[in-house]
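Student: In terms of the working numbering, the sequence shown is numbered consecutively and its last residue is 306.
All C-beta atoms, glycine included, are put in the ideal place defined by N, C-alpha and C.
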Amino acid sequence: MKFLSELLFKHSVSGDETEIAHFIFDYVRKQSSIWKVPPEIYFGEEYHDCLMLKFGVPRTAVFAHLDTIGFMTRYENQLVAVGGPEVIEGTRLVGRDSKGDILCRIIGDEQACFHDLPRGIDRGTRLSFEQNIRVDEEYIQAAYLDNRLGIYNALKLCETLENGWVVFSTYEEHGGGSMPALLNFIQTNSPIRQALISDITWITEGVEHHKGVVISIRDKYIPRKKFINKLVSFAEKSGVPFQLEVEAYGGSDGREVQFSSHFIDWCFVGAAEDQVHTPDEKVSLFDLDCMLRMYSFLMEKL
5 MKFLSELLFK HSVSGDETEI AHFIFDYVRK QSSIWKVPPE IYFGEEYHDC
55 LMLKFGVPRT AVFAHLDTIG FMTRYENQLV AVGGPEVIEG TRLVGRDSKG
105 DILCRIIGDE QACFHDLPRG IDRGTRLSFE QNIRVDEEYI QAAYLDNRLG
155 IYNALKLCET LENGWVVFST YEEHGGGSMP ALLNFIQTNS PIRQALISDI
205 TWITEGVEHH KGVVISIRDK YIPRKKFINK LVSFAEKSGV PFQLEVEAYG
255 GSDGREVQFS SHFIDWCFVG AAEDQVHTPD EKVSLFDLDC MLRMYSFLME
305 KL
């Protein structure tokens, strides 16, 4: 859990993913020599904090977004939401501006949200939930399991992956942004026909803890049924417990794949959490393990 803990303490509110992007890039440089297939690495200022790893001859890409929800400071101690955080009065926020480190609390609600720091905070400063990681025999609970667990899953997959793209995107929590450019790069350099979205979904009346990884038949958007049928068929052969999700709301980088100018099938595959977009997101360790095993199996078959 040490590496996952390090991931969870990195700040990357949408539009400010530089710190975590460089952290993951350094990790890849150090670890890739002992992976089964060392990847080609695409990273740098020209890619705007995105990171692309190409293994062998790809047929499928895995996408995991680097950013989190959070807040941005405005005027007169006002806070503006970035993405869709739950605004809970008293929640502790952290960040840093030109005057130093910041630790403050939320005052108010979604209609009028402020911070209580005695001094002013530089305009445009991004604040995120204070981290508090709790792990027991059944669960991990922390801020930003969405999408640190998706990143963790993608990096664990890299250890044994022979053929495929593993791509870390930005801006997902606040309307998307980097996916069109990433897809164009992939389709120009080593095209694929299918994609998996390594992200975290919701506990609902039909999706429960300890029942396995979730394969999403739909959220707000609808993947192609033929591809879903193929994916579920492989999942059944894997022996890894999984659940099927049908929702009317929500979205992911899959939306960007579906809206792109490329014919690429896609599906969201990930563990489910409750207390979504709060400092207390909660995921079953069994479901996380199922996610890791399912991705390893699917990427061999697809």
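For M303 and V171, what's the separation of their Cα atoms in angstroms?
Tutor: For the purposes of this step, residue 303 is taken as residue 299 along the sequence shown, with counting starting at 1. For the purposes of this step, residue 171 is taken as residue 167 along the sequence shown, with counting starting at 1. So the two alpha carbons sit approximately 14 Å from each other.
Student: The beta strand (DSSP E) with I110 in it runs from where to where?
Tutor: Within the sequence shown, residue 110 is the residue found at index 106, counting from 1. G104 to G112 is the span of the beta strand (DSSP E), which, as asked, contains I110.
Student: Are the beta-carbon atoms of I201 and A68 separated by less than 9 Å?
Tutor: The count along the sequence shown starts at 1 and reaches residue 201 at position 197. The count along the sequence shown starts at 1 and reaches residue 68 at position 64. Taking 9 Å as the Cβ cut-off, I201 and A68 qualify as a contacting pair.
Student: Give the secondary structure of V287 by DSSP, where H, G and I count as helix, E and B as strand, and everything else as coil.
Tutor: Here residue 287 is taken as the residue at index 283 of the sequence shown, counted from 1. Note: V287 maps to strand in three-state DSSP.
Student: To the nearest angstrom, report how far apart C294 and F13 are at their CA atoms.
Tutor: Reading the sequence shown from its first residue, position 290 is the one you call residue 294. Reading the sequence shown from its first residue, position 9 is the one you call residue 13. So the two alpha carbons sit approximately 24 Å from each other.
Student: Taking the CB atoms as reference points, tell me whether V3 and F246 lie closer together than 9 Å.
Tutor: Beyond the ends of the chain as shown, which are 5 and 306, falls residue 3; an answer cannot be given.
Student: Closest to L121 by C-alpha separation, out of E134, G112, G128 and I106, would be which residue?
Tutor: Along the sequence shown, read from residue 1 onward, the residue named residue 121 stands at position 117. Cα-wise, what sits closest to L121 is I106.
Student: Return the residue from the list L292, M183, K305 and K286 that minimises the CA-CA distance to R138.
Tutor: Position 134 of the sequence shown, counting from 1, holds the residue named residue 138. For the residues L292, M183, K305 and K286, the minimum Cα distance to R138 belongs to K286.
Student: Does DSSP put L248 in a helix, a strand or coil?
Tutor: The count along the sequence shown starts at 1 and reaches residue 248 at position 244. Correct three-state label for L248: strand.
Student: Do V66 and G168 have their C-beta atoms closer together than 9 Å?
Tutor: In the sequence shown, the residue the question calls residue 66 occupies position 62. In the sequence shown, the residue the question calls residue 168 occupies position 164. Yes, the pair counts as a contact, with Cβ atoms nearer than the cut-off.
Student: Between the C-alpha atoms of V86 and E44, what's the straight-line distance to the nearest angstrom?
Tutor: Here residue 86 is taken as the residue at index 82 of the sequence shown, counted from 1. Here residue 44 is taken as the residue at index 40 of the sequence shown, counted from 1. Distance between the alpha carbons of V86 and E44: 33 Å.
Student: Can you grab the Cα-Cα spacing for the pair E249 / G210, in whole Å?
Tutor: As a first step, residue 249 must be located in the sequence shown, where it is residue number 245. As a first step, residue 210 must be located in the sequence shown, where it is residue number 206. Distance between the alpha carbons of E249 and G210: 7 Å.
Student: Check whether the Cβ atoms of F29 and F7 lie closer than 9 Å to each other.
Tutor: Translated into the one-based positions of the sequence shown, residue 29 becomes position 25. Translated into the one-based positions of the sequence shown, residue 7 becomes position 3. Against a cut-off of 9 Å, the Cβ pair of F7 and F29 comes out as no contact.
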